[in-house]
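Engineer: The numbers in full-length UniProt numbering rise by one with no breaks, and the one at position 165 of the sequence shown is 165. We treat Cβ as the ideally placed atom computed from N, Cα and C, and that holds for glycine. Provided herewith is a single structure, encoded as structure tokens, for subsequent inquiry.
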Amino acid sequence: MQQISSFNNQQVGHLYLVPTPIGNLDDMTFRAIKTLRDVDLIAAEDTRHTQQLLNHFEIDTRQISFHEHNTEQRIPELLAKLQDGMDIAQCSDAGMPSISDPGKELVAAAVQAGIPVIPLPGANAGLTALIASGLVPQPFYFYGFLERKHQQQVTALQELVNRPETMIFYEAPHRLKKTLATMAEAFGDDRPAVLARELTKRYEEFSRGHLGELRDWFTDHQARGEFVVLVAGNPNPQAAAVDNDEGLSLTEQVDKAIVNGLSTNAAIKLVAKRNHIKRQELYKQYHNL
């Protein structure tokens, strides 16, 4: 078991994980401001975006870019600086580092190298939406962003149909309509859900209803701002599992999954997994081979 005996080790630097506001700059903590001022370097997802935050709080610490497209290049460079004794703060454009944002690879590398990693508490869109949603707050299941392709979304959501926890997703405005339609397919029109948009900002808004209602409303209205989508858990997952494909043969289950939007191969894979059989066997059975 690896342990860091003391954060006062002067031989190496410290990696600080600093949350930033998800909209309202007043949500920046005193500790976060002090940390960004005191460290030697800030590894920022978008240096231009973070510079606006630094200017607001009169912070002149030097920045370096650290995002999903330069992770492989930057990590050895940042580790070397930390091992030389530099203190580095890592932050994303909004919210908690590593949560649907860059950070996890750097943290893992720092831990592996024996460098102290110090997390600061702060803003998080998913939890902020959850506590005001009116849905059961715990337990909850955080998913984040779904894949963009429809078939991949259907596969992921069908595997979540029977989860009893409130589920938390993130979605961009231009993809919201399609995602709500796919969720209604997978979970049913009557599953309670809440949409939270522009959290902590001037036009913060919560839309509450059932997935079918929310899908229909956004079919005729434009989605604006970033969204947190919260979907109620399944209150009776065992019954749903039985009812879902009750009385259907394996080939009928495959046909049903295809009607719900999956490709033939994806449907065979899903049904095989649900029924604990080999995919190749079901493939041959379905195609009469």
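When we look at the beta-carbon of residue 326 and count the other beta-carbons within 10 Å, is it buried (16 or more) or exposed?
Structural biologist: This structure cannot speak to residue 326, because the chain is shown only from 1 to 289.
Engineer: Taking the alpha-carbon of L211 as reference, which of T61, K284 and L230 has the nearest alpha-carbon?
Structural biologist: Selected option, being the one with the closest Cα: L230.
Engineer: Would you tell me roughly how many angstroms separate the C-alpha atoms of A239 and A272, rounded to the nearest one?
Structural biologist: Any reading at A239 must be qualified, since the residue scores a pLDDT of 49, below 50, and its modelled position is unreliable; the value itself is stated next. Roughly 20 Å between the two C-alpha positions.
Engineer: DSSP puts L54 in a beta bridge; with which residues?
Structural biologist: Note: L54 sits in no beta bridge, so no partner.
Engineer: Is the distance from the Cβ of S92 to the Cβ of T20 below 8 Å?
Structural biologist: It is a contact, given that the beta carbons lie within the stated cut-off.
Engineer: So is A108 buried or exposed if we call it buried at 16+ other beta carbons inside 10 Å?
Structural biologist: Exposed: under 16 other Cβ atoms inside 10 Å.
Engineer: Applying the 10 Å Cβ sphere with the 16-neighbour rule, what's the burial state of I268?
Structural biologist: When all chains shown are included, I268 counts as buried.
Engineer: Between the stretch 164-176 and the stretch 219-226, do three or more beta carbon pairs fall short of 8 Å?
Structural biologist: With the cut-off at 8 Å, the stretch 164-176 and the stretch 219-226 touch.
Engineer: At what residues does the beta strand (DSSP E) containing Y286 begin and finish?
Structural biologist: Taken as a continuous stretch (DSSP letters only), Y286 belongs to no beta strand (DSSP E), being part of the alpha helix (DSSP H) at R279 to Y286.
Engineer: Use the C-beta contact count for D243: other C-beta atoms within 10 angstroms, 16 or more gives buried, fewer gives exposed.
Structural biologist: Residue confidence for D243 is low, a pLDDT of 48 falling below 50, so the modelled location carries little weight; the figure read from the coordinates is stated next. When all chains shown are included, D243 counts as exposed.
Engineer: Terminal residues of the continuous beta strand (DSSP E) containing E171?
Structural biologist: T166 to E171 is the extent of the beta strand (DSSP E) around E171.
Engineer: Label D101 either buried or exposed according to how many other C-beta atoms from any shown protein chain fall within 10 Å of its C-beta, with 16 as the threshold for buried.
Structural biologist: When all chains shown are included, D101 counts as buried.
Engineer: Is it true that the CB of V228 sits closer than 8 Å to the CB of A125?
Structural biologist: Yes. Within cutoff.
Engineer: Hey, quick one: how far does the beta strand (DSSP E) through R274 stretch, first residue to last?
Structural biologist: Taken as a continuous stretch (DSSP letters only), R274 belongs to no beta strand (DSSP E), being part of the alpha helix (DSSP H) at T264 to R274.
Engineer: Taking the beta carbon of S5 as the centre, do at least 16 other beta carbons fall within 10 Å, making it buried, or is it exposed?
Structural biologist: At S5 the pLDDT is 45, less than 50, meaning the model places this residue with poor confidence and gives no usable figure here.
Engineer: Starting from Q90 and walking both ways along the beta strand (DSSP E), at which residues does that stretch end?
Structural biologist: I88 to C91 is the extent of the beta strand (DSSP E) around Q90.
Engineer: When you compare the CB positions of V12 and Q112, do they come within less than 8 Å of one another, or not?
Structural biologist: No, the Cβ-Cβ distance between V12 and Q112 is not below 8 Å.
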